[in-house]
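Residue numbers (my numbering), protein chains in the order written: chain S, 106 to 432; chain V, 504 to 950; chain C, 610 to 969. Below is one structure, written out as structure tokens; the observations come after it.
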Amino acid sequence: MTVSSDKPKSSAALIQSRRNALRSYLGAYGFMAPAGVLVIVFFLIPVAIVLYLSVTNLASSNFTSDLAKMEFIGLKNYRTLFNDQFARKIFFNTIFYVLVTLSLFNVSLALIVSLLTTHIDRRAGFFFRALWILPRITSPVVYILIWKRMSAEAPFGILNQFNEFLGYPTYNYVATNPWVFVVVVNGFIGVSFGMIIFTSAIESIPKDLLNASLVDGSSRLQRIRYVILPLIRWPLLFVVTYQTLSLLTSFVEIQLLTDGGPGLYRTEVWSLTAYHRALSNYFGNAQWGYGSAFAVLLVMIGVVLAVIYMRVFRFDELIAEPRVEAL
Amino acid sequence: MIRKLSLTMLFALLLGLLAGFAVAQDAVSITIRCIASPPEEDWRCNNFASVEAEVEAELGIEINLNLIQDNASWGDYKNEFVLASEAGEAPDIILSGHEDIGAWAPAGFIIPLDDVIPMHSEFDDIVPSLWESHGYAGQIWGIPQDAEARPIFYSKLLLRDLGWSEEDIESLPDRVAAGEFTFADMLATAEAAIDEGVVDSGNGWWHRPSNGPDFLYYYYGHGGEVLDMEGNLVVDRDALVATYELLGGAVASGVLRSDIIGLDWSEVWHPTVGQAETVLFAAGGTWNWPNWALNYVADRGGDEYLFENIGLTLIPAMGTGKAITLTHPLTYMISSGSPHPDVALSLIAAITTPEHNNKHAIDSFHLGILNAQLESEAYANNRLLSSAHYMLDHTTSLPNHPGWNAWSGAYFLGIQAVETGEADAAGAADIAIAQMQNELGDGITVR
Amino acid sequence: MEIRIDNLTKKFGDVVGVEDLTLHIDDGEFVAFLGPSGCGKTTTLLTLAGIYKPTDGLIRFGDRVVNTVQPKDRNIGMVFQSYALYPHMTIFQNIAYPLKLKKVPKNVQNEQVRQVANVMGIGELLDRRPGQLSGGQQQRVALGRALVKEPDVLLFDEPLSNLDARLRLTMRGEIKHLQKNLGITSIYVTHDQVEAMTMADRIAVMNRGHLQAFDAPDELYDRPKTRFVAGFVGNPPMNFLDVEVSQSNGHFLAEADSIQLPLGADRGAPPAGHGGPVVMGIRPEDIQIVEKGDVTGEIFVVEPLGREDLIDVRVGPHGFILLADTEKQHRAGERVSLNFDMTQAQFFDPQTERSLLWRQ
């Protein structure tokens, strides 16, 4: 009697609890949906298309947007790519470019600028940070034009005008030191991102904590070493990860500055090659399929790096709770 | 950039549509896209506006002309046409380099014109050599819009410093054309100028600082060919090595600077060459002249200054013993998506007259395309055009072939290698050939 | 360590943090800085710590002028309201941090940290992180960290404000006990007068960047030198009344409207000599409800505090706060007669707000 009368009640409760579970499930997915749609539309679908293009011989001369009409040629583009006598050079160029720019500018200089500007008068700090944001908000074409004006050879370049004025020899700077300029030009742009993140992280450290360290006997440098850096560890790792990926895919400034030269691909990077093959058709026949093969490899490198970073830096912990506030 | 342009295009299309509703319903809409740098090349599109009424009267229809002029980079401009064609939104007439026929004809984006050209007598008068660069697969795919020559500019100023007589200077183009003054002589002159301190080392001879059609004439000048009789891509190793020896040797002897590739066009190249005070010989294009007159020496007298201090000549003879130049005609092509190709062609025919083409030729210093132009007063009286027109008799052109992009990329790579000293001539040829073979596979024959 | 502050001024741009402060603190003394928020007490503390540089004036630790000495070279320990423990370090590392900066050998560090931790009763927690501790435990860690370096001066910045009332009471006793045992000169910033009164040897009362008084707690209470001090020290606060004090035949009388309060010569002579209106202050515990007194009024509000009732009595336009036995069960509206203990009355100049009885 009691059992039978209880039964519908408990099953109703069961249905209710399942409904709740489903509802919270749907709720979670509902909140993730906008981001999910963005990822699908702007990442997964394009990657799938580029992947498909890379196994066709699509070019301007047989261009079609109908996937079915494209000519499937298997892995031929990849064979061509791996047989390219400069593929290895371009690959190592890319690693060199990303590593050096990232370590010298996007992380180190960004950190130094944010530390310096948070240790001086607030308004002065704000002013200097604003200066460092200028390269980022200047259009690349204008920004590179400024650099070209600066570095052009005598008698046109501003640096060389100084050299002439002071009686020093003049140089064609970009041609003689292409990597220095590629790294510096991109590095100046890259500083702002880390700088903003680091600055806000440093400024969110409670003042008491910073004062406590001084009273405890630290110098300002020791305070940076023992208190500030450990507390902004997560923003640091985030910037390293994000900027690695963003440097991997950046090429506009290099294209405008050296276009991968001088000589044999001295400053050519992988993403620029993809662009050169797929989209730059000064002489009329862009190789969409072949360029896509370069792009696919770039995506693969990016995904692998992202996974490694997430593992090594344990990004799940970063997401779990904000570290600085967890006092 | 692309997005901005396509937005502009969209806006223009919308405007065109609105205009279309406003007028009689049986009006024919014709959209024309031209690539031109304002103001000197504006006639590429504007000529159509001058003949609109004439063609309307002739055909008895109403025409809505929609002219879109771009000054975009070539790559963006060409990609836009490819994408617009695929999307069914291509302009009726597209003006581009003749070498695009090599990609757009096989893709089916443009239509062959052999059958309809005879219907317009205007085309009969086009300089015959120009048609050669408009063929692909045995058919003609475009109508020449302009021609030009890519000469060597020589600084009269510096030759005078070197001790040349006025007579020597003025007779140089003739001596070059006759094959008496060869490329080797030119390099020797440059070396002498450097030795005597007339110019600095590296400033004896400059070529363009980025990839472009010019470079092919060194290869042609050494007897090289890009297409064989059947229209397949070939590469002549000997000609390639000889070309690279010429360029690498010029760097080694100090005539040509090793970092010439990569110099900025507008920041360094034009101001240096256009003022005639620094570089003895410079390989350029006829259209450079009005640009210099307007932008770099305007304060010193513009045209007058240039005539006083700069001369132009064919590329002196190299291995073949003949002086040459290269013409890169721009071409009006008709989109396969155009609903009114006949009207489009009538419009092109109407501007293919000495009267209209002269306006473009004179303003932008491009050579004429019609025989009758040479006899027309305006053209003949133009000191610049009349001094350069003979170059069309010595001209060559780029090939129309889908593989040309890959071929030229590899060829230019070899030039970069040899000029920066990263490879010797033979090594540079090996690099270029390996690159061609990797990307073109069976599509290229090495001779 | 004796601390002497002379004419200290600290400005932030145009904003005055503290102005012309002179204060001498004896060796081993426990001094409280008391005042409402924004009075400059924390500014003064951080200037003593070396975080802020004085705009003007001198600070001496012993004979050494420390105006420009870095915090690390002052040998001070400091305890913060927010505890300010380093969240990325264990409790052990937190306490050992000052020793590590002094390059004390590892084994000595270990010994000293454990010793301090045992004194503070947190010996079991050394491997935890601050986030895993309760507020009271964290404050003990903070205290341990301040003490481990054996500082010459201890600075407290409202250390108990974030604790609940019971814990505050316990910690109050512990800190006072510890300070007396160790004999370390201590400065304790608080806005809680009970803390200041119960813990400090002397209290520096501050308001709007200025020192109002610097005295022992009972001095401040019994002989307030300014009206601000009189009103700020003591809970419930002192009642103030504008009166005129007159003298006739050796008798003194304070008058306000219908209120007439006779008083003795020791309290009455200075205000009478001053002439004109003065401010009279009288503490709640010095007013009694009696059968027949000097003044009658009506009870406006009764606030039971448990042990006694806080009663607001209105006499004409004037209100008085006083304390009464709960057993009397006074009710609002009740008419009562009040007796003022005028031997405890205070008098202030209405313009300068200085005491007319006690000269500085």
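We put the beta carbon where it would ideally sit given N, CA and C, even for glycine.
- Residues of chain C whose Cβ lies closer than 8 angstroms to the Cβ of S/Ser324 are, in chain order, Gln679, Lys681.
- As computed with DSSP, V/Gln642 is found in a beta bridge with V/Tyr639.
- Taking all protein chains in view, the Cβ of C/Lys712 is surrounded by fewer than 16 other Cβ atoms within 10 Å, so the residue is classified as exposed.
- Using a Cβ-Cβ cut-off of 7 angstroms, C/Ile660 is close to Asn316, Leu319 of chain S, given in chain order.
- Here the region 654 to 662 of chain V makes contact with the region 779 to 789 of chain V; the two share three or more CB pairs at distances below 8 angstroms.
- Using a Cβ distance threshold of 8 angstroms, S/Ala164 and S/Ala391 count as a contacting pair.
- Straight-line measurement puts the Cα of C/Ile908 at about 45 angstroms from the Cα of C/Gln788.
- Residues of the region 323 to 351 of chain S whose Cβ lies closer than 9 angstroms to any Cβ of chain C, in chain order: Ser323, Ser324, Arg325, Gln327, Tyr331, Val332, Pro335, Leu336, Arg338.
- Chain S has no Cβ within less than 8 angstroms of the Cβ of C/Leu919.
- Looking from the CA of C/Pro926, the closest CA among C/Ile868, C/Phe957, C/Asn948 belongs to C/Ile868.
- Residue burial annotation: C/Gln741 is exposed, with fewer than 16 other C-beta atoms found within 10 angstroms of its C-beta.
- With 16 or more neighbouring CB atoms inside 10 Å of its own CB, S/Ala306 falls in the buried class.
- Apart from sequence neighbours up to five positions away, the residues of its chain that approach S/Met300 with a beta-carbon distance below 7 angstroms are Ala215, Val218, Ser219, Arg234, Trp237, ordered along the chain.
- Within the model, the alpha-carbon separation for V/Gly726 versus S/Val205 is close to 46 angstroms.
- Non-local beta-carbon contacts of C/Gln721 in its own chain, meaning distances under 6 angstroms to residues more than five positions away in sequence, involve Val757 in chain order.
- For the pair S/Arg241 and V/Trp768, the Cα-to-Cα distance works out to about 25 angstroms.
- For V/Asn549, no CB of chain S lies under 8 angstroms from its own CB, so it is not counted at the interface with that chain.
- Counted as a single uninterrupted DSSP element, the alpha helix (DSSP H) harbouring V/Pro676 occupies residues 669 to 680.
- Using a Cβ distance threshold of 8 angstroms, C/Lys662 and C/Asn684 do not count as a contacting pair.
- With respect to chain C, the C-beta atom of S/Asp226 has no partner C-beta closer than 8 angstroms.
- Contact between the region 367 to 380 of chain S and the region 921 to 932 of chain V is present: three or more C-beta pairs spanning the two stretches fall below 8 angstroms.
- At a cut-off of 8 angstroms between beta carbons, C/Tyr695 contacts chain S.
- Taking 4 residues as the minimum length, the alpha helix (DSSP H) runs contained wholly in the region 824 to 909 of chain V are 844 to 854, 857 to 867, 874 to 878, 880 to 883, 886 to 891, in order along the chain.
- Looking at the backbone, the Cα of S/Thr281 and that of S/Ala259 are separated by about 14 angstroms.
- The beta carbon of S/Phe293 is closer than 6 angstroms to those of Pro240 in its chain, skipping five residues each way along the sequence.
- Between V/Leu750 and V/Ile936, the gap from beta carbon to beta carbon reaches 8 angstroms or more.
- In the DSSP assignment, V/Ala931 falls within the unbroken alpha helix (DSSP H) covering 928 to 943.
- Per the C-alpha coordinates, the member of C/Tyr797, C/Thr652, C/Glu611 positioned closest to C/Val624 is C/Thr652.
- With respect to C/Asn844, C/Phe929 sits apart: the two C-beta atoms are not nearer than 8 angstroms.
- S/Lys181 is the residue among S/Val289, S/Arg325, S/Ser208, S/Lys181 whose C-alpha sits nearest the C-alpha of S/Ser397.
- For C/Gln821, the closest alpha carbon among the candidates C/Arg811, C/Phe837, C/Ile898 is that of C/Phe837.
- Using a C-beta cut-off of 8 angstroms, the region 770 to 778 of chain C makes no contact with the region 930 to 946 of chain V, since fewer than three inter-stretch Cβ pairs fall below that distance.
- Residue contact with chain S for C/Ile685: present (Cβ-Cβ distance below 8 angstroms to some residue of chain S).
- Here the region 591 to 598 of chain V makes no contact with the region 878 to 887 of chain V; the two share fewer than three CB pairs at distances below 8 angstroms.
- Contact with chain V is found for S/Lys253, since one of that chain's Cβ atoms lies less than 8 angstroms from the residue's Cβ.
- For C/Tyr797, no Cβ of chain S is located within less than 8 angstroms of the residue's own Cβ.
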